[in-house]
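Numbering-wise (my numbering), the sequence shown opens with residue 142 and increments by one.
Encoded as structure tokens, the structure appears first; notes follow it.
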Amino acid sequence: MSESESAATASSRTTAWLVLAGLLWAQLYFACIYGWRYGEYYGYGWYVPPLVILFFYRLRHFWQAADPPALAIAPAVAASVLLFACLAVLRTLNRVDPRWTLPLWLQAGIVIATTFFALHRLGGMAAVRRFVPVIAFACSAIPLPSVLEYFLVSNLTDSVIAASVRVLEWSGQPVHAIGDQLGRLGEVVHVTEGCSGIKSAQSFLMTALFFGEWMALRRSGRWLMILAGLATAWTLNVLRASVLAWIRFEHGTAAFEDAHDLAGLLAFALGSLVLLSVSRLLDGDRQGRRIVRRSVERRPA
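Here's what the structure looks like:
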């Protein structure tokens, strides 16, 4: 086989692996649309797929010169049949009850395993290790299992209410907790599930993973970004709940309704700015040096 034919064969095999991974993720995200559209906590999911494509494109050097070995025909056919049979069953279950997230996560497990297998064929363990943060970011758009979601909502609601009571007491408000409500002199403010902090926690987790990958932070920096994202989400949600409760008690229901959505937008903008600042602090000037080094290495002699 000539050199040009070998290059064409390697290119076709690389393309086949990339197309397979892309199609698997596309159908997984298609199954997530119900949660993005109708779920209370997953509206940010629409932004994740294009950003995942961007991250894969930025790391395309892992497969640009790849020469993946050919698979034996019999095992490849058997694996393909098993793969698509499993996905067909899981997609059917998902269509029967799109709110049931167990089939969705089983499907995600198959997609993730296949993606890592494809990356290993294209770039070895170096590619697998490098794409772990990208896959983690990609999974941030998948709705959580119902049991885990309920556990988080319940515990976050309790913690937000308890902390908000302390904040309002420090500000001179005689507030006390009544179940999932904040009460003051016969008036109550209901802390709904949407205000529990689960939405903030998930969106800021996604944002933390995004900045960690965008700045190409080290592993320790990425873990610190996750901790910073969760801490920022909880802190801002407590402040948001406290401010909204104060507005409700002092200025009435109309002012509370007017401020509710604006407070959420301001909290997300402020939290994103905080995480961007943290990512730049963790990165120092390494990102700039990486860009300069990369441009020098690619410059023709």
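Positions of the beta carbon are idealized from the N, C-alpha and C atoms, including for glycine.
Beta-carbon contacts of residue i that lie in its chain and below 6 Å, excluding the five residues immediately before and after
{"i": "residue 271", "result": "none"}
{"i": "residue 161", "result": "none"}
{"i": "residue 334", "result": "Legend: pLDDT at residue 334 = 49, less than 50; position of this residue unreliable, value from coordinates given subsequently. These residues qualify, in order along the chain: 294."}
{"i": "residue 203", "result": "264 and 268"}
{"i": "residue 241", "result": "none"}
{"i": "residue 190", "result": "170"}
{"i": "residue 362", "result": "423"}
{"i": "residue 198", "result": "none"}
{"i": "residue 152", "result": "none"}
Sub-8 Å separation of residue i and residue j beta-carbons
{"i": "residue 260", "j": "residue 269", "result": "yes"}
{"i": "residue 377", "j": "residue 411", "result": "yes"}
{"i": "residue 379", "j": "residue 275", "result": "no"}
{"i": "residue 424", "j": "residue 358", "result": "yes"}
{"i": "residue 416", "j": "residue 370", "result": "yes"}
{"i": "residue 396", "j": "residue 374", "result": "no"}
{"i": "residue 165", "j": "residue 255", "result": "yes"}
{"i": "residue 154", "j": "residue 211", "result": "yes"}
{"i": "residue 329", "j": "residue 319", "result": "yes"}
{"i": "residue 158", "j": "residue 232", "result": "no"}
{"i": "residue 344", "j": "residue 257", "result": "no"}
For residue j and residue i, believed in contact at Cβ under 8 Å, the rounded distance
{"i": "residue 366", "j": "residue 281", "result": "Not confirmed; about 13 Å, so no contact."}
{"i": "residue 476", "j": "residue 353", "result": "A query on residue 476 cannot be resolved here, the shown segment of the chain reaching from 142 to 442 and no further."}
Neighbourhood of residue i by C-beta distance below 8 Å, restricted to the same chain and skipping five residues each side
{"i": "residue 249", "result": "169, 280 and 283"}
{"i": "residue 218", "result": "none"}
{"i": "residue 401", "result": "385"}
{"i": "residue 180", "result": "284"}
{"i": "residue 286", "result": "242, 243 and 246"}
{"i": "residue 277", "result": "350"}
{"i": "residue 404", "result": "381, 384 and 385"}
{"i": "residue 223", "result": "none"}
{"i": "residue 195", "result": "none"}
Close Cβ partners of residue i (< 7 Å) along its chain, the five nearest in sequence each way excluded
{"i": "residue 177", "result": "183, 184, 186 and 187"}
{"i": "residue 147", "result": "none"}
{"i": "residue 325", "result": "314, 315, 316 and 390"}
{"i": "residue 221", "result": "none"}
{"i": "residue 239", "result": "175"}
{"i": "residue 368", "result": "none"}
C-beta neighbour in chain C for residue i, strict 8 Å
{"i": "residue 270", "result": "Chain labels in this structure do not include chain C; a single protein chain is all it has."}
Problem set entry | Three or more C-beta pairs below 8 Å linking the segment 376 to 390 and the segment 311 to 318 | yes
Exercise. How do the segment 206 to 226 and the segment 282 to 299 stand: do at least 3 beta-carbon pairs fall below 8 Å, yes or no?
Worked result: no
For this session: Let me know the beta strand (DSSP E) ranges lying completely inside the segment 256 to 336, each 3 residues or longer, listed in chain order.
Result: 317 to 319, 322 to 325 and 328 to 331
Exercise. When the Cβ atoms of the segment 162 to 173 are set against those of the segment 234 to 252, are three or more pairs found closer than 8 Å?
Worked result: yes
Exercise. Considering only residues of the segment 177 to 232, which uninterrupted alpha helix (DSSP H) runs meet the minimum length of 4 residues and lie entirely inside it, listed in chain order?
Worked result: 189 to 199
For this session: Could you tell me which uninterrupted alpha helix (DSSP H) segments, each at least 4 residues in length, are contained entirely in the segment 390 to 425, listed from first to last along the chain?
Result: none
Exercise. Which full runs of the alpha helix (DSSP H) of 4+ residues lie inside the segment 332 to 366, going along the chain?
Worked result: 339 to 355
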